[in-house]
Amino acid sequence: MNELTLRALLEQVQSGHLAVDGAIDQLRDLPFRDLGEAVLDTHRELRCGHPEVIYCAGKTVAQVRTIIAALLESESNILATRATPDMAEAVTELHPAARYNPLGRTLVIQRHDRPLTSTAIAIVTAGTSDQPVAEEAAETALLFGNRVERINDVGVAGLHRLLARLELIRQARVIIVVAGMEGALASVVAGLVARPVIAVPTSVGYGAHFGGLSALLGMLTSCAGGVGVVNIDNGFGAACLASMINQL
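For the sequence shown, this note's numbering assigns the number 143 to the initial residue and increments by one for each residue that follows.
Right under this line is the structure:
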């Protein structure tokens, strides 16, 4: 249930085209729907502007299929993150138009289009190995109605690559920087642009990198102003925040 569908429902009741009992039936699953193993937050889109997103890691194929089958009973767009190919295959059987991004491990069912923003979110990666997290962010931002510019493989090991794309990056309203290793790219970008930077550390790097902890600490201790940091590999969280900023 989102603001648009709720408004249409209330207008139907007001005009007499829908009985009060019929409206109550449609609202019966608010604010949540208990499926047993999962409890769906059916109120989230009305409350937060976007529906609940399915985090697939740790779930079985059957659980993901059950959750998406329940969500398909509404008209909301559906996003699942960290989805496996087996999950994608099971969901495609339910809804053939489902779109799977194997690199970003995202599964999207777009029931209705949202007009894209005039301003963009730039998603900048340090290296090709950071692209899975960046793709998760891009798919999330696009589904939430944002124009997205992807700028890949411009890390600090070759700053001339970043400088060559700087004008495009500066045109964005908010910038997501995705970097592993020591995470320095976020500080460099923030020192060159007058835009908020959302830094995403990734679990890309050698042993002393500690699975992304080095990049996380480096980003948290950035000397550049205007840098906010999300958790390791959290492209989804970065895109949620960037979307809120871009749509203010």
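Backbone N, C-alpha and C fix where the C-beta goes; we use that ideal spot for every residue, glycine too. Everything numeric in this text was worked out from a predicted model, so none of it was measured.
In chain order, V371 place their CB closer than 7 Å to the CB of L362, counting only its own chain and leaving out the 5 sequence neighbours on each side. In this structure, the CA atom of L152 is about 19 Å from the CA atom of E215. Look at P193 here: in three-state DSSP terms it is coil, with no helix or strand label. A check of alpha carbon separations from A366 across A299, A380 and V335 identifies V335 as the nearest. By the C-beta density criterion, Q273 is buried, having at least 16 other C-beta atoms within 10 angstroms. The DSSP-derived three-state label of V346 is coil.
Spanning the alpha carbons of G354 and A268 requires a straight line of approximately 14 Å.
Excluding five sequence positions before and after T234, the CB atoms of its chain that fall closer than 8 Å to its own CB belong to A240 and Y242, given in chain order. Between A199 and V369, the alpha-carbon positions lie close to 28 Å from each other. A direct Cα-Cα distance of roughly 10 Å separates Q205 from I196. If one requires a minimum length of 4 residues, the alpha helix (DSSP H) runs lying completely within the segment 294-328 are 301-306 and 308-312, in chain order. Contact annotation, A384 with V316: C-beta distance approximately 5 Å; criterion of less than 8 Å satisfied.
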